[in-house]
Structures are given as structure tokens and as C-alpha cells.
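If you're matching them up, the sequences are chains A and B in order.
Each residue of the first sequence is one higher than the one before, starting from 43 at the first, in our numbering.
Each residue of the second sequence is one higher than the one before, starting from 113 at the first, in our numbering.
Cβ coordinates follow ideal geometry from the N, Cα and C atoms, glycine included.
Data first, discussion second: the structure below is written as C-alpha cells.
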Amino acid sequence: MTQKLLEIKELYAGVADGGKEIVKGLNLTINAGEIHAIMGPNGAGKSTLSYVLTGKSDYAVTSGEMQFCGQDLNALKPEERAALGLFLSMQAPVEIPGVSTQAFLKYAVNAVRKYNHLPELDAAEFLKLLRGKAKEFEVSADMLKREINVGFSGGEKKRLEILQLSLLQPKLAILDEADSGLDIDALKIVSQGVNQWHNADNGLLIITHHLDLLKQIKPDFVHIYADGRIITTGDMTLAEELEKNGYKNYVEMSK
Amino acid sequence: MAQKTEIEDLSGDKYKYGFTTQIEADTVPCGLNEDIIRLISAKKNEPEWLLERRLKAYRHWLTMTEPHWAKLKYDTVDFQALSYYAAPKQKVQPKSLDEVDKTLLETYDKLGIPLKEQEALAGVVAVDAVFDSVSVATTYRAKLAQQGIIFCSISEAVQNHPDLVQKYLGSVVPYTDNFYACLNSAVFTDGSFVFIPKGVKAPMELSTYFRINAQNTGQFERTLIVAEDDSYVSYLEGCTAPQRDENQLHAAIVEIVVMNNAEVKYSTVQNWYPGDKEGKGGVYNFVTKRAACRGVNSKISWTQVETGSAVTWKYPSCVLQGDNSVGEFYSVAITNNRQQADTGTKMIHLGKNTRSKIISKGISAGFSNQTYRGLVDISAGATGARNYSQCDSLLIGSTCGSHTVPYIRNRNKSAVLEHEATTSKISEEQLFYCQQRGIKEEDAVGLIVNGFCKEVMQKLPMEFAIEAGKLINISLEGSVG
């Protein structure tokens with residue numbers, strides 16, 4: 043029996059406190075082991091969708107359902123969603139001055155472990171785990187000592203996001219433009235990291251504009267997203283067709 | 113004079129009515145006059161010169177008016193409504209921790225204070241009982257005495273080391289200095305005295321923690337630290353545990369004298385009752401702290417973590433007299449709810465090649481208001497003087513206020529002065545990023561704030577620093593969400 047990770051039904055959401063509606067009647071189910079890609083024109087509300095799912099306070103659900111591992115996401119705080127295994131690799135990870143990357147990562151790993159009733163890792167155990175992963179993602183010891191994301195290049199920020207994915211081992215990961223600002227080598231590191239993490243028990247939702255990433259991380263489903271909902275669903279051939287002809291026809295369809 | 117007779121009655125034959133009368137005798141009527149001061153002095157068995165000083169200060173205080181230049185709003189203090197002599201209070205002692213206020217115990221737990229110490233702090237047992245009877249305190253003192261270090265209460269010092277006290281008391285902060293210092297000079301109750309003789313490095317951190325819990329030093333604390341040539345001492349004031357105090361007005365003086373090549377590190381963690389969420393109650397903390405670097409190559413370093421009090425008025429200062437002397441000020445001030453703080457430092461450069469450094473980190477949350485007020489003063493003779501000032505403010509939410517008021521007065525062309533100031537806000541984006549990685553919003557605030565003031569926290573002695581870090585988190589509880 044396939045395990046449902048995420049089930050979204052007729053979801054409407056928008057800017058909090060009665061602001062603009064951005065998600066308009068979305069339906070999407072992601073089962074364990076699946077990779078989904080969402081593609082769509084600029085301003086379609088793809089990033090907003092990722093924030094609604096992860097609970098950013100700027101946005102609010104107006105109607106519809108979103109279940110994650112059988113729990114109503116809307117009833118959970120962002121940190122609870124994260125601790126349950128919902129991870130968002132952000133498009134533009136924010137800088138937090140004064141907080142060292144290493145300290146932040148330890149804090150995050152232990153917060154999630156604590157929530158799941160696992161013993162927290164002490165400094166030595168954590169360092170052992172971190173050093174192994176850091177090597178994989180070519181994150182230097184120096185980078186780990188720096189303040190989190192402060193002065194990091196685009197590539198460094200994205201590698202750090204995937205390093206966190208690998209440390210936290212979520213059940214469902216959303217990659218929001220994980221490929222933006224990456225050179226070929228960095229793209230390889232990021233996609234290898236994701237592929238290594240992905241297995242039959244977890245799922246992946248990729249938000250992207252480009253075929254490059256999808257060639258590295260092969261999606262089972264490709265959705266075209268416009269005007270707050272999925273217009274059409276296909277496989278990799280749909281993505282290839284998009285690359286040739288653009289979104290124009292699909293945007294027309296959504297109107 | 114009716115009042116005088118009353119006082120004479122009260123202070124007269126203590127034992128006439130037995131034990132109960134003795135308690136009565138230790139409570140003087142509210143208000144302030146020369147008789148009250150004579151009474152305080154008599155009770156402490158003080159020498160004539162000290163009484164004369166107190167009276168002189170009192171007479172001068174009558175000519176002064178309360179300062180109002182700070183950015184603080186509070187009800188005027190009725191000085192005649194205060195009691196100026198309170199002997200150790202005969203409070204009803206709780207019999208066990210079960211009888212102690214629950215929120216207080218929760219705070220102790222969050223700070224990680226061991227159970228035995230919790231009992232002492234809550235007044236269930238005497239401090240002596242915690243530190244294995246009287247022995248620890250005694251061994252501690254004996255060890256210091258071997259090296260000629262004097263560490264005792266200022267009252268004891270007046271009795272046992274009158275020459276030293278007479279020589280240095282009031283030599284850094286004269287009674288004419290300011291309204292509150294003048295009041296303190298007239299009515300101070302107790303405090304600490306530290307004397308480090310020539311060439312001696314204190315073998316341990318000296319802490320009021322060991323002494324202050326044993327007796328109520330009252331609201332007019334007086335501390336004097338003297339470091340002779342080539343000596344060193346690190347002194348810790350206060351305690352991270354919350355201090356509930358009935359006294360609303362606190363006006364303390366700390367004086368430090370540093371001689372040739374000597375160094376004093378003075379660290380404070382202040383956690384007095386800040387009042388409730390609406391700003392009711394809470395301590396007014398009007399403190400004068402000043403160190404005189406009298407000798408060449410002398411050094412003073414102030415480190416403070418201020419989280420308590422309803423109203424704070426405090427400017428630990430350095431008078432850099434000796435050539436090449438160094439003054440440092442590291443400060444973290446946190447205000448939440450309706451707290452107000454006007455705090456900073458004064459660096460007075462008199463000697464040649466004197467150097468000073470100011471690192472101030474202010475965190476405001478809730479409806480609180482905070483001002484950094486600092487003076488860098490380079491006198492004409494201070495050739496080659498240097499100052500570096502950095503004042504950073506962090507705002508949490510949109511209802512608090514933060515202000516930076518740096519004064520710079522320079523009368524020597526060779527001086528090099530640098531000033532940097534930043535104001536930032538914890539953004540929704542930062543909090544969301546932390547939450548998305550499983551960190552609770554409140555913990556995220558703590559993480560960010562601790563990162564923001566890391567530079568200052570690192571200056572605290574190790575164990576103190578860990579507790580102070582937890583204290584910061586507790587102080588900011590309820591500041592988000």
C-alpha cells in the first residue's frame with residue numbers, strides 16, 4: 043500500500059488578514075517514493091504555495107484541506123510541521139548575524155530530535171555527524187564557523203540548505219528554486235545530495251523554472267502551475283515541451 | 113522635638129522589653145533627617161569621621177534636585193516616605209520549597225540552579241547550609257587572607273580597616289557628585305570592601321554571591337575596591353537568580369581605585385524585579401559606578417548584563433588618569449514589557465596614550481524603552497588618546513524604542529576616536545527560517561539575541577556566562593507571538 047505523505051484538497055490561501063488570494067483551488071497528492079515537479083511562470087504563486095504548506099505567518103488558508111502524514115497541517119505551528127518531517131529548501135535563505143552555522147545546525151537537529159522523543163546529540167556526536175555530511179557537500183570547516191548565510195555566495199547558501207536536508211532527514215522536502223544561482227559543479231553537488239537522500243519512504247516536491255535540475259533529479263510527475271492551481275499534469279516530456287514552447291498556451295488555459 | 117524623643121525611645125534600652133522590643137528597635141520611622149543618620153551611624157558603631165561625612169553629604173543633598181535629563185518616565189520618589197534603616201528582615205521563612213512561589217521556582221529550574229541553592233535563594237535554608245556549613249565561607253576567606261587580600265562587608269571594613277576606608281571612600285565618587293550618590297553617601301547601609309595588596313593576583317573570582325545572600329544589604333549599597341600596584345582581581349556582582357526586593361528605590365555606589373600596572377575586572381548581572389507586564393511595581397535602579405585608573409598602565413574592565421529593574425539609570429565610568437591606562441565597557445541591556453533603561457558609560461581620558469573601548473548591545477522588546485548614553489571626553493593633556501565605541505541596538509516587535517546618544521568632547525588633536533552604531537530588528541524571515549528547521553519561535557529569538565550579544569557575553573567568567581545566556585532567554589519570554 044502506498045503511503046500518502048501530502049494530500050491537498052481544494053486549497054484556497056492568500057496573504058494573511060484578508061489579503062490577496064494566491065492559491066486558488068489546488069489539488070495535489072504526493073505519495074512516499076514519488077518526485078513531483080511544479081513548473082510555472084513568474085508570479086504564479088509557486089513560492090507562496092511552499093510558504094502556505096510550511097506555515098509562514100504572512101499567509102493564511104481560507105478554505106480546503108492539507109494533510110501531512112495524516113495530520114492537519116493548518117493546525118500545526120511551523121516548527122511542528124518541520125519536526126514532523128516537512129522541509130523547505132528556501133529560494134533565498136536569510137542571513138542571521140551572530141549565530142554560527144555550526145551552532146544553528148546543532149540546535150535544529152536537536153530540536154527535531156527532541157520533538158520526536160529521540161535523545162539529543164551531544165557536541166561530540168553532532169560534530170561527527172556534521173563532519174561526514176559537510177565533506178559530502180563540500181562545506182568547509184571555515185564555512186561552518188561563519189555566521190549562518192552571512193556573506194555566503196548563492197552556491198554556498200544552496201549547498202548549506204541541502205546539507206540541512208541531509209542532516210534533518212525529512213519525510214517530504216520542498217525545493218524552491220534550489221538550482222537558481224548555481225554553477226554546473228554546485229548543481230551536481232546539490233542534485234547528488236538530494237538523490238542520495240531520496241528513497242521509497244520519502245517524497246520530493248521541486249519548484250523550478252529549468253530543465254537542468256530535472257535532468258539530474260528525475261521527476262515522476264510534472265505539474266504546470268498557473269493562477270494558483272495545477273493546470274495540467276504530465277511526465278518529463280511535458281517539461282521538455284515547455285522548454286520549447288514556453289508557458290504561453292497553458293497560461294491561456296488557466297484564464 | 114517630638115520625633116527625636118521617639119527615636120531616642122526606640123534606640124534606647126533595647127532589652128527592656130525583651131526580644132520583641134529588639135525587633136521594634138531595629139525599625140526606624142520613615143523619613144530622612146539628621147537624627148536618622150545619627151541613628152544609622154550609631155547602630156553600625158561607626159567612628160566620628162564617618163558620621164561627619166554622612167551629615168555633610170546629607171546637608172549637601174538638601175540643596176540638590178533630582179535629575180530629569182535621562183529619557184525616563186517614572187513617578188517621583190517621595191524620599192520622606194522611605195525607611196532608611198532596615199535591619200535584616202524578620203520575614204516568615206518558608207519551611208520548604210513547597211511554600212515558595214511557583215513562578216520563582218520555574219525560573220530557577222530554567223537557569224539550572226541546583227536544588228540546594230534554590231532553597232537558599234528562596235530563603236528556605238541559610239546560605240551557609242548550602243555551602244557545607246560555615247566552613248566554605250571561612251576557608252574561602254582564610255585562603256584570601258593568606259595573600260593579604262581583604263574581602264569583607266564595608267561595615268566590617270570600617271571597624272577593622274578604618275585607615276583604608278577613610279583614605280579611599282568617596283575618593284572616586286565624591287558626595288557632591290550627583291543627587292543619588294549624595295543620598296547614598298548620607299545613608300548607605302552596607303556593601304562590599306575589597307583590597308588587593310601590591311603584587312597580588314587574586315586566586316579566585318570574588319563574588320558577592322557568597323556574602324550577599326547571608327544578609328540584606330539594603331537599598332543603598334556601597335562597594336569599594338582598591339587594587340594596589342601590580343595586582344589583579346576579578347569581581348562578580350549579583351546573581352542570575354531573580355531578586356525579589358520590597359525596596360523600590362535602589363541607589364548604590366561602586367568605587368574602584370586601580371594603581372600602577374594593576375587590573376580590575378568588574379562583572380555584573382542585574383536581575384531585579386522589573387515590575388509586572390503593565391509596568392506596576394519593580395525596582396528603580398539609580399546607580400553610580402566609577403573606576404579611577406590612577407596608576408600608569410592600569411586597567412579597568414566593566415562587563416554588565418542588565419535584565420532587571422523597572423527603571424535603570426546607570427553609567428559605569430572610567431577615569432583614565434595614569435598614562436597608558438585602559439578602560440573598557442562591555443554591556444548587554446535587555447528591556448521587555450514596560451521596562452525603561454538609560455544606560456551607558458563615561459570614558460574620561462586624562463593621561464597620555466590612554467585607551468578606551470565601548471561595546472554596548474541593547475535589546476528592546478514589548479513596550480520598553482532603552483537609551484544608550486555615553487561620553488567620551490579627551491582632555492587637553494591626553495595626547496595620543498584612543499577610543500573605539502560600538503553601539504548596537506536590536507528591536508523585537510514594533511512597540512519598543514531604542515535611542516543612542518553618544519557625547520564626544522575632544523580637546524586634543526592627536527586623539528583618534530571611532531564610533532559605530534547599528535540598529536536592527538529581528539525579522540519575520542529570520543524567525544521563520546529557524547522555525548522551518550524545527551526551532552520554536554521563542555528559542556529562535558533567544559538564539560538570535562545570544563548571537564547578537566556574544567561579544568559581550570564572552571567577557572563574562574565562564575560559569576556566569578552560561579547562566580547569563582539562559583537569563584537572556586527568560587527575560588525575553590513572551591516578547592514574540
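In this structure, DSSP gives Gly558(B) a helical state, which the three-state scheme calls helix.
With fewer than 16 neighbouring CB atoms inside 10 Å of its own CB, Cys142(B) falls in the exposed class.
Contact annotation: the stretch 526-541 of chain B touches the stretch 495-502 of chain B, with at least three C-beta pairs closer than 8 Å. With fewer than 16 other Cβ atoms inside 10 Å of its own Cβ, Val57(A) counts as exposed. The alpha-carbon of Pro120(A) is positioned some 20 Å away from that of Lys51(A). Chain-ordered listing is empty here: chain A has no CB closer than 9 Å to the CB of Gly509(B), the nearest sitting near 13 Å. With fewer than three CB-CB distances shorter than 8 Å, the stretch 269-289 of chain B does not count as touching the stretch 309-318 of chain B. Inter-segment contact for the stretch 266-275 of chain A and the stretch 228-241 of chain A is absent: fewer than three beta-carbon pairs are separated by less than 8 Å. Between Lys552(B) and chain A, the shortest Cβ-Cβ separation is below 9 Å. Residue burial is scored here from C-beta neighbours: Met569(B) has at least 16 other C-beta atoms within 10 angstroms and is therefore classed as buried.
At a cut-off of 9 Å, the C-beta of Arg549(B) has a neighbouring C-beta in chain A. Secondary structure at Tyr186(B): coil, using DSSP grouped into helix, strand and coil. Under the Cβ criterion of 9 Å, Val57(A) is not counted among the residues facing chain B.
Look at Ile77(A) here: in three-state DSSP terms it is strand. Between Ile471(B) and Val438(B), the C-beta spacing is not below 9 Å. For Asp100(A), the closest Cβ of chain B is nearer than 9 Å. Rounded to the nearest whole angstrom, the CA to CA distance from Val488(B) to Lys177(A) is 49 Å. From the listed residues Ser429(B), Val395(B), Arg166(B) and Pro386(B), the smallest Cα separation to Ala403(B) is found for Ser429(B). Interface with chain A (9 Å Cβ-Cβ cutoff): Gln542(B) is included. Residue-level contact by beta carbon holds for Thr96(A) and chain B, with a gap shorter than 9 Å.
Inter-segment contact for the stretch 564-583 of chain B and the stretch 156-172 of chain A is absent: fewer than three beta-carbon pairs are separated by less than 8 Å. When only Cα atoms are considered, Thr380(B) and Lys571(B) end up about 11 Å apart.
The beta carbon of Gln278(B) lies closer than 7 Å to those of Trp161 in the same chain, with the five residues before and after it left out. If you check the CB distance, Val151(A) and Leu68(A) do not come in under 9 Å. For a Cβ distance threshold of 7 Å, residue set Gly550 of chain B lies close to Tyr157(A), ordered along the chain.
Pro120(A): member of the alpha helix (DSSP H) spanning Pro120 to Leu126, first to last residue. When Met278(A), Asp262(A), Glu219(A) and Tyr289(A) are compared, the shortest CA-CA separation from Lys88(A) is found for Glu219(A). In the DSSP assignment, Leu247(A) falls within the unbroken beta strand (DSSP E) covering Gly245 to Thr250.
At a cut-off of 9 Å, the C-beta of Lys566(B) has a neighbouring C-beta in chain A. If you draw a straight line from the Cα of Asp454(B) to the Cα of Thr335(B), it is about 22 Å long. For Ile560(B), the neighbours in chain A by C-beta distance under 9 Å run, in chain order, Ile138, Pro139, Gly140 and Val141. Put simply, the stretch 335-350 of chain B does not touch the stretch 182-191 of chain B. Fewer than three CB pairs are less than 8 Å apart. The Cβ atoms of Phe263(A) and Ile77(A) sit closer than 9 Å to each other. If the five residues before and after Asn73(A) are omitted, its C-beta is found closer than 8 Å to the C-beta atoms of Thr44, Gln45, Lys46, Leu47 and Gly245, all from its own chain and listed in chain order.
DSSP, read as helix, strand or coil, puts His172(B) in helix.
When C-beta atoms of the stretch 94-104 of chain A are compared with those of the stretch 498-517 of chain B, fewer than three pairs fall below 8 Å, so the two segments do not count as touching.
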